[in-house]
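Reviewing the structure listed below.
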Amino acid sequence: MIELDRASLTRDTVEVLHSLSFCIRAGESWAILGPTAAGKTSLLELLGGVRTPSAGRVQVNGISQQSIFSVTGIGGAEGTHATNEQWPPITVREFLSVCGLAANHRGSTLRTILEQSLERTGLHNFAHRRIATLSIGSRQRLLLARAILEQPFTLLLDDPYAHLDPDGHLLLDEVVNDLTLSGGIVAASIHDANLSSAWSHVAFLVNGRLVCHGAADHQTLAPGFLWTYQIECPRNSSRASEIVRKKLRSPVDEIDIHRIQICPSIDEPRLPEVLQCLFHAGIDIHSADIKPPWPVQLIKHFTRSGQPNSNDT
117 MIELDRASLT
127 RDTVEVLHSL
137 SFCIRAGESW
147 AILGPTAAGK
157 TSLLELLGGV
167 RTPSAGRVQV
177 NGISQQSIFS
187 VTGIGGAEGT
197 HATNEQWPPI
207 TVREFLSVCG
217 LAANHRGSTL
227 RTILEQSLER
237 TGLHNFAHRR
247 IATLSIGSRQ
257 RLLLARAILE
267 QPFTLLLDDP
277 YAHLDPDGHL
287 LLDEVVNDLT
297 LSGGIVAASI
307 HDANLSSAWS
317 HVAFLVNGRL
327 VCHGAADHQT
337 LAPGFLWTYQ
347 IECPRNSSRA
357 SEIVRKKLRS
367 PVDEIDIHRI
377 QICPSIDEPR
387 LPEVLQCLFH
397 AGIDIHSADI
407 KPPWPVQLIK
417 HFTRSGQPNS
427 NDT
């Protein structure tokens, strides 16, 4: 368990994180969300013991993290943004062998888990290439292979989806799921609004302040929030928008001939009521969802208001 108790962080006399308090328990995966310069990477550094809080505390199982923390990071300065000169002049296999030895794997066990990590990440054909010759996406996969190899109890990731193709996204989600199912902890700064189901919890930062955190479910995280919905009704957006305006008296925009957007208002009916009304009117509905994605809507809301959610847990 990692616990922050009114933890703040100051850099060059500027407070970049202000009095953060929340707890990450074993088996949880936390996505840290927020606009640019919100303090997401700084929070990761605080969680990993890379930086010491200027006020408050960060504890692991009740003990200060500076004395016991060992953590594997993926992304950020350790990975995808490093220049060729920053990588050691060794091959993919040599790099993973060193990581395996550091994780106390030896002999046949090391060889087996190394081959598994190469195969699972699609790097088997690159095993004898120098790291500096790899593409950025392949380097990101290499760091995923390292995580598979080391199986750390705590994994911190800075913008881990960057430069990964769709298969890489799925692989990352699998790594996160595997670690949390085995009782590990994962925390990551996420810049992709389409938050996957691999993340069990979210923490929203704005200007270094924790404005909202809890289980990654928009209904329990922000009860009463007025969401914007998008409904796809092929070649029927004009009729659908007219029905919503007249029968439900709810603001609606026509995006194109196929899609409408239900805009938030105090009197807005919930999505099931809207869909039921359109269904009874004979409107063919192909899809209906919260759009933009709910994390984007919350980030915009908190960025404008700068106020914590009163239902924050």
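Heads up: the sequence shown begins at 117 in our numbering, then just goes up one per residue. Glycine residues also receive a C-beta, built at the ideal position from the N, C-alpha and C atoms.
Contact between Leu-271 and Gly-300 holds, with the beta-carbon distance rounding to 7 angstroms and staying under 8 angstroms. Gln-346 sits in a strand when the DSSP states are folded into three classes. DSSP, reduced to helix, strand and coil, places Ile-247 within a helical segment of the structure shown.
Ranking His-244, Arg-141, Ile-376, Arg-122 by CA distance to the CA of His-134 puts Arg-122 first. With a cut-off of 8 angstroms on Cβ pairs, the stretch 143 to 162 is in contact with the stretch 309 to 316, counting three or more such pairs. Linking Cys-393 to Glu-370 through their CA atoms gives a straight-line distance of about 17 angstroms. Unbroken beta strand (DSSP E) runs of no fewer than 3 residues, entirely contained in the stretch 215 to 288, are found at 270 to 274, following chain order.
Taken through DSSP and simplified to helix, strand or coil, Ser-137 comes out as strand.
Taking a contact as a CB-CB distance under 8 angstroms, the pair Cys-215 and Glu-266 counts as one, their CB atoms being some 6 angstroms apart. Each residue's CA atom was taken as its position, placing Pro-350 and His-374 some 4 angstroms apart. Distance between Glu-358 and Leu-297, taken at the CA atoms: about 48 angstroms. A contact is defined here as three or more CB-CB pairs under 8 angstroms, and the stretch 155 to 168 fails this definition with respect to the stretch 341 to 356. DSSP, read as helix, strand or coil, puts Asp-405 in strand.
Distance from the Cα of Leu-163 is smallest, within the candidate group Val-292, Val-302, His-402, for Val-302. Of the other Cβ atoms in all chains shown, 16 or more fall within 10 Å of the Cβ of Arg-262; this residue is therefore buried. Looking at His-334, Ala-331, Asn-293, Gly-324, the one whose alpha-carbon comes closest to that of Ala-314 is Asn-293.
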